[in-house]
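Only one structure is covered here, and it is reproduced in the block below.
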Amino acid sequence: MGFEGYYEIKKDQELAGFLGIAAKTKKIVVGKDHIKSYLKTPKITKKLLILACDISEGQKKDWMHRGSYAGAKILYLCHTPKTLLAKAIGKTEVSAVAIADDRLIDGLVAKLGLS
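For the sequence shown, our numbering assigns the number 1 to the initial residue and increments by one for each residue that follows.
Below you can see the structure in the form of structure tokens.
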């Protein structure tokens with residue numbers, strides 16, 4: 001898709017550990033309203049949004065527009081459904097997760113080789 005900051009991630013397994021650490025340190029944002037608020041907050045300069053592979057096209061498009069407008073990097077996990085994304089953070093079903101820590105974002109971006 002033609003959005004700046006959008007990346008399709010094929011090696012999804014590498015993210016599970018990162019998400020687990022982020023969840024344990026309470027540096028994740030889940031839930032549609034919480035993520036919308038996170039994306040709109042101007043004080044947060046680095047933003048990272050992670051999307052499960054089985055979200056609807058409408059949800060995907062909505063998050064991509066919101067994330068792109070907010071200047072967030074958007075990771076679309078090509079092989080990770082909502083249930084596995086949720087399991088990585090200790091929840092039951094999650095379609096989107098945001099990371100709320102600059103160091104974790106930097107580490108994840110570096111690990112995945114993204115710019």
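All C-beta atoms in this analysis are idealised placements derived from N, C-alpha and C, irrespective of residue type, glycine included.
Nearest-angstrom beta carbon gap, residue j and residue i [assumed within contact, 8 Å]
i: Ala72; j: Leu39; result: 6 Å
i: Cys53; j: His79; result: 6 Å
i: Gly5; j: Ile74; result: 6 Å
i: Lys27; j: Ile89; result: Not quite, the Cβ-Cβ distance comes to about 10 Å (not below 8 Å), so this is no contact.
i: Ile105; j: Lys24; result: With a Cβ gap of about 16 Å, Ile105 and Lys24 do not count as contacting.
i: Leu51; j: Lys60; result: 6 Å
Reduced DSSP secondary structure (H/G/I, E/B, other) of residue i
i: Ile99; result: strand
i: Leu112; result: helix
i: Glu93; result: coil
i: Lys73; result: strand
Residue from the options with nearest C-alpha to residue i
i: Ile55; options: Arg66, Tyr76, Ala70, Lys36; result: Tyr76
i: Lys32; options: Asp102, Val97, Ala110; result: Val97
i: Arg103; options: Leu19, Ala86, Lys11; result: Leu19
i: Lys91; options: Val30, His65, Glu8; result: Val30
i: Thr41; options: Gln13, Gly67, Lys11, Glu93; result: Gly67
Range of the contiguous beta strand (DSSP E) that encloses residue i
i: Lys26; result: Segment: none, Lys26 is in no beta strand (DSSP E) and carries neither H nor E.
The ligand GTP heavy atom lying under 8 Å from the CB of residue i
i: Ala70; result: In the structure on display, the ligand GTP does not appear, and there are no ligands present to speak of.
N- and C-terminal bounds of the alpha helix (DSSP H) containing residue i
i: Ile9; result: That residue, Ile9, is in no alpha helix (DSSP H); its beta strand (DSSP E) goes 6-9.
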